[in-house]
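The structure appears right after this line, and notes come after that.
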Amino acid sequence: MTQAENNLVAGCPTGLAPPETTSAPDPSAFVRRVNGQSRLSLTIRGAKCGACISRIESAVKALPGVETARLNLSTGGLEVAWHGGLTAIPIVQAISSLGYGVAPQDQGNAITDEQREERSLLIALGVAGFATANIMLLSVSVWAGNGEMGESTRMMLHGLSGLIAFPAILFSGRVFFRSAWKVLKHGHANMDVPISLAVIIAFCVSVSETLRGGEHAYFDASVMLLFFLLIGRFLDARVRRKAHTSARDLAAMARRSVTRLAENGEARSVRASEIQPGDRILLAPGEQAVVDMQVETGLSEVDESLVTGESVPRTATQGMNLLAGTINLSQPLTGRAIAAASDSLLSDIARMLDAGEQRRSTYRKIADRAVSLYVPFVHTSALLAFIGWLLAGMSANEALLIGVSTLIITCPCALALAAPVTQVVASGRLFRAGTFLKSGDALERLAQCNYIIFDKTGTLTFGTPRLADDVSPDLLANAAQLARASRHPLSRALVEAAGPGPVASGVREFPGLGLEGVIDGVSSRLGSAEWVGADIDVASSSSLWFVEGNCAPVRFQFRDHILDDATQTIRALRQAGYGMEILSGDRAETVADVAGKLGVADWTAKASPRDKVERLEALQAAGHRVLMIGDGLNDAGALALANASVTPGGAMDVSRSASDAVYSGGLIALPRLIAVAKQARAVMLQNFAFAAAYNLVAVPVAISGHATPLVAAIAMSASSILVSLNALRLNTMPERL
Amino acid sequence: MAGLLFLIPIALGMGLIGLIAFLWAARSGQFDDPDGAANRILVDEDRPLPPSESRDSGE
Chain A
11 MTQAENNLVA
21 GCPTGLAPPE
31 TTSAPDPSAF
41 VRRVNGQSRL
51 SLTIRGAKCG
61 ACISRIESAV
71 KALPGVETAR
81 LNLSTGGLEV
91 AWHGGLTAIP
101 IVQAISSLGY
111 GVAPQDQGNA
121 ITDEQREERS
131 LLIALGVAGF
141 ATANIMLLSV
151 SVWAGNGEMG
161 ESTRMMLHGL
171 SGLIAFPAIL
181 FSGRVFFRSA
191 WKVLKHGHAN
201 MDVPISLAVI
211 IAFCVSVSET
221 LRGGEHAYFD
231 ASVMLLFFLL
241 IGRFLDARVR
251 RKAHTSARDL
261 AAMARRSVTR
271 LAENGEARSV
281 RASEIQPGDR
291 ILLAPGEQAV
301 VDMQVETGLS
311 EVDESLVTGE
321 SVPRTATQGM
331 NLLAGTINLS
341 QPLTGRAIAA
351 ASDSLLSDIA
361 RMLDAGEQRR
371 STYRKIADRA
381 VSLYVPFVHT
391 SALLAFIGWL
401 LAGMSANEAL
411 LIGVSTLIIT
421 CPCALALAAP
431 VTQVVASGRL
441 FRAGTFLKSG
451 DALERLAQCN
461 YIIFDKTGTL
471 TFGTPRLADD
481 VSPDLLANAA
491 QLARASRHPL
501 SRALVEAAGP
511 GPVASGVREF
521 PGLGLEGVID
531 GVSSRLGSAE
541 WVGADIDVAS
551 SSSLWFVEGN
561 CAPVRFQFRD
571 HILDDATQTI
581 RALRQAGYGM
591 EILSGDRAET
601 VADVAGKLGV
611 ADWTAKASPR
621 DKVERLEALQ
631 AAGHRVLMIG
641 DGLNDAGALA
651 LANASVTPGG
661 AMDVSRSASD
671 AVYSGGLIAL
681 PRLIAVAKQA
691 RAVMLQNFAF
701 AAAYNLVAVP
711 VAISGHATPL
721 VAAIAMSASS
731 ILVSLNALRL
741 NTMPERL
Chain B
669 MAGLLFLIPI
679 ALGMGLIGLI
689 AFLWAARSGQ
699 FDDPDGAANR
709 ILVDEDRPLP
719 PSESRDSGE
């Protein structure tokens, strides 16, 4: 594909993320000046592939004065630095015209805490890996030379191993020691306590064995233990950081900027957080309201589908209140803020989000439950082995060695890898199919749901109106000549039905009324019933009227159509035994129509965000585990409260942050997501069962005194590898619900 | 036996070189954007030459 063709595609050319259509906010308030250089950090949404990197970077670098533009594909952060008089507006316009979402960042994409944690874990992992490999090199020679090697040579090899192990354990083990110490101080225990104990005691016993000239030293085992456990920790941290990156989207909404008008009429871009009630605001066409506002001047159409679920646009005139999240469609509007950003609807919903998430965090992960059973078991068996052999008349030294080998061999390598490896494989598989998981435990929660709630607009339907009836092609072609001059959603729907064609001459748009222009010398009008002079009682907002010259007006009906794959998806889910219902903020007749066509018996219309949350609470109280699927601002509270939640890729930032997974490529992704989640849960449980079975074999071996360093090394690595291989099976399992 | 005296340091030294290279890579942020690094090799940075006069006059 050439560069020119490439740029014709809106959004990511792979289709992994849908193109973004909202216009970019003015980020001027977020530009930083450093040494005469202007710097701006942006969050890019929808960039998923290599072509996105080159499109975005080359578009920004083509602007005058831009020195660097570097996109981090993993976090979606873009760093731009430039010299000269370039303002920030052309930069974000260049990106949003390519079909990507842009939002300014407050602090710059400086390394976050999660990133720092991930990096330090990676370095600890590298050091442990180096130490493991080199100590193993020395240990293998000790094992191979068993019986033939002289005591002094063995002592030297053990001593060298100890010299490598000591700094490695100090450095790589810090993570575990610190966390173990923290909980021990409060009188609790977590998985890090047996790990730290095993590593420290194994090291100390090995030092004393080396000094004594003994045969067995466990330096390799103690470092290898750290190595395997750090792999699990690192994978876990990586999955968690990805979740945090998505959560930052919510903050990005609050970081939007607003055009404030001074008393002298001068427009200035300021941060949304600076807006006070009473400030005058300009809402440009295509812009999304960030604070609740009352319209003072201007006449325009506004799209409130993200706030209320109503897909047909409304006319905004003086005195009308616009809630945050409303998109202005055709003409500039000015108004006064009626609430600060922190008091607007958006913040109410953010509070609902917090409440929901707090409740959700009480969910206990399978891994945590397994560990709480495991820790006492390990300690007791090691202690019993030590005391038992002591009572049986063994010397304290030898009994201690057996106790330590029990502690090492039962240490939770397989257990620590069981969950993270499964999550990484499952989320990788979903990612390739276009679904993004936001947190690791989302899979567990998704797999357990048994009741599904759908929002209507944008989830089961396209969310945009489409021409409903068949009309004569000539009429349609003529009406489209007028409609091509307008951004109104009904005009766009008309143009989509008519296909490409010419624009009528001298078209003028009258906000709230319609369009007027000349087609083949005949003056024509397209718009509301009163605009064309149609004599009709029922004023329906979802139809357009068209009149040519003195002919009778013709009516075009529009409806929000059901997604092509919705019927199929609902049928598949019903066959799998899921209870389903529709919970929408839209009008009753529209919701009833969609519910009837899809065969969903339970539906609620006109539901406010609060109603949705209450309905969810009622269902949960009745013992259902609810999966919520929605895209609007009005769904965000319910999304956060549900046991698990999923949102389509075109959803608002807030909804995306509130959900566990974001899908693209149609509703049909949903059965796949649930199927993979169920398989992942099954594989995770298998892994834990395997770890338990491993211990049933390993503990008797260790207690009977047969766990030499060689046996420990083989058992530990074999169990970790088996658990990882089992997780990899997820890649080839069939997607059946 | 004397062989051990130089073979072991050589083995450890090679491992250490690898470790230092890894630490340098991790510290300099080469693992910060694994998705981007994987995709950047596919980015074609060549652009068609502009039909400029300077190229013709240079011949």
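Chains as they are written, first to last, in my numbering: chain A, 11 to 747; chain B, 669 to 727.
Virtual Cβ for every residue (Gly too), placed ideally from N, Cα, C.
Proximal residues of chain A, C-beta to C-beta of residue i below 9 Å
i, result
"Phe-699 (chain B)", "Glu-128, Arg-129 and Leu-132"
Residues that residue i contacts on chain A, provided the C-beta gap is smaller than 8 Å
i, result
"Ile-676 (chain B)", "Leu-148 and Leu-170"
"Ala-679 (chain B)", "Asn-144 and Leu-147"
Test: residue i CB closer than 8 Å to a CB of chain D
i, result
"Gln-115 (chain A)", "Reference to chain D is not applicable here, since the protein chains of this structure are A and B."
Cross-strand partners of residue i (DSSP beta bridge)
i, result
"Met-743 (chain A)", "Paired residues: none, contrary to the question."
"Ile-174 (chain A)", "BP columns for Ile-174 (chain A) are empty, so no partner."
"Val-733 (chain A)", "Per DSSP, none; premise fails for Val-733 (chain A)."
"Met-590 (chain A)", "A:Ile-462"
"Ala-326 (chain A)", "A:Ser-310"
"Thr-614 (chain A)", "A:Leu-593"
"Asn-331 (chain A)", "A:Gln-304"
"Ser-269 (chain A)", "Sequence inspection shows Thr at residue 269 (chain A); the Ser mentioned does not correspond to that position. BP columns for Thr-269 (chain A) point to A:Ser-279 and A:Leu-292."
"Ala-347 (chain A)", "A:Met-303"
"Glu-558 (chain A)", "A:Ser-534"
"Glu-565 (chain A)", "The sequence as given places Arg at residue 565 (chain A); Glu does not occur at that position. In DSSP, Arg-565 (chain A) forms a bridge with A:Trp-555."
"Val-636 (chain A)", "A:Tyr-461"
"Asp-570 (chain A)", "A:Pro-475"
"Val-528 (chain A)", "A:Ser-515 and A:Ser-533"
"Asn-338 (chain A)", "A:Val-312"
"Ser-48 (chain A)", "A:Arg-43 and A:Trp-92"
"Gln-298 (chain A)", "A:Ile-337"
"Phe-520 (chain A)", "A:Gly-524"
Contacts that residue i makes with chain A (C-beta to C-beta distance below 7 Å)
i, result
"Leu-717 (chain B)", "None at all; the shortest Cβ gap to chain A is about 14 Å."
"Asp-703 (chain B)", "Leu-83 and Ser-84"
Supposed close pair residue i, residue j - CB separation, criterion 8 Å
i, j, result
"Pro-563 (chain A)", "Val-542 (chain A)", "4 Å"
"Ala-326 (chain A)", "Ser-310 (chain A)", "5 Å"
"Arg-455 (chain A)", "Asp-670 (chain A)", "7 Å"
"Ala-141 (chain A)", "Ala-98 (chain A)", "So it is not a contact: roughly 49 Å between Cβ atoms."
"Ile-639 (chain A)", "Ile-376 (chain A)", "The Cβ separation is near 24 Å, so there is no contact."
"Val-317 (chain A)", "Leu-643 (chain A)", "5 Å"
"Pro-323 (chain A)", "His-196 (chain A)", "Between His-196 (chain A) and Pro-323 (chain A) the Cβ distance is about 57 Å, and since that is not below 8 Å, they are no contact."
"Val-312 (chain A)", "Ile-337 (chain A)", "7 Å"
Proximal residues of chain B, C-beta to C-beta of residue i below 7 Å
i, result
"Cys-22 (chain A)", "The premise fails here: Cys-22 (chain A) is roughly 11 Å from chain B at the closest Cβ pair, so nothing lies under 7 Å."
"Ala-143 (chain A)", "Gly-683"
"Gln-286 (chain A)", "Under the 7 Å cutoff, chain B gives no residues; its nearest Cβ is about 39 Å from Gln-286 (chain A)."
Under 9 Å by beta carbon: chain B residues contacting residue i
i, result
"Phe-140 (chain A)", "Gly-683, Leu-684, Gly-686, Leu-687 and Phe-690"
"Gln-304 (chain A)", "Chain B residues near Gln-304 (chain A): none, gap ~44 Å exceeds 9 Å."
"Gln-578 (chain A)", "None at all; the shortest Cβ gap to chain B is about 32 Å."
"Gln-298 (chain A)", "In chain order: nothing, as chain B lies at least about 28 Å away."
Chain B contact residues for residue i, given Cβ-Cβ distances below 8 Å
i, result
"Gly-136 (chain A)", "Leu-687, Phe-690, Leu-691 and Ala-694"
"Gln-630 (chain A)", "Correct list: empty, because the minimum Cβ distance to chain B is about 36 Å."
"Gln-125 (chain A)", "Asp-700"
Output needed in chain order: residues of the region 681 to 694 of chain B with a Cβ under 8 Å from some Cβ in chain A.
Gly-683, Leu-684, Gly-686, Leu-687, Phe-690, Leu-691 and Ala-694
Original post:
Going along the chain, which residues of the region 56 to 71 of chain A sit with their C-beta nearer than 9 Å to a C-beta in chain B?
Top reply: Lys-58, Cys-59, Gly-60, Ala-61, Cys-62, Ile-63, Ser-64, Glu-67 and Ser-68
### Query
Along the chain, which unbroken stretches of the beta strand (DSSP E) at least 3 residues long are found entirely within the region 52 to 113 of chain A?
76 to 82 and 87 to 92
### Residues of the region 428 to 444 of chain A with Cβ closer than 9 Å to any Cβ of chain B, in chain order
none
query = Taking only runs of the beta strand (DSSP E) that begin and end inside the region 654 to 716 of chain A, which ones reach a length of at least 3 residues, in chain order?
reply = 654 to 658 and 671 to 673
task: Give, in chain order, every unbroken run of the alpha helix (DSSP H) that is at least 4 residues long and sits entirely within the region 684 to 720 of chain B.
output: 702 to 708
For this session: List in chain order: all unbroken beta strand (DSSP E) runs of 3+ residues lying wholly within the region 388 to 470 of chain A.
Result: 445 to 447 and 461 to 464
Enumerated in chain order, which unbroken segments of the alpha helix (DSSP H) with a length of 4 residues or greater are wholly contained in the region 144 to 198 of chain A? 161 to 182 and 184 to 195
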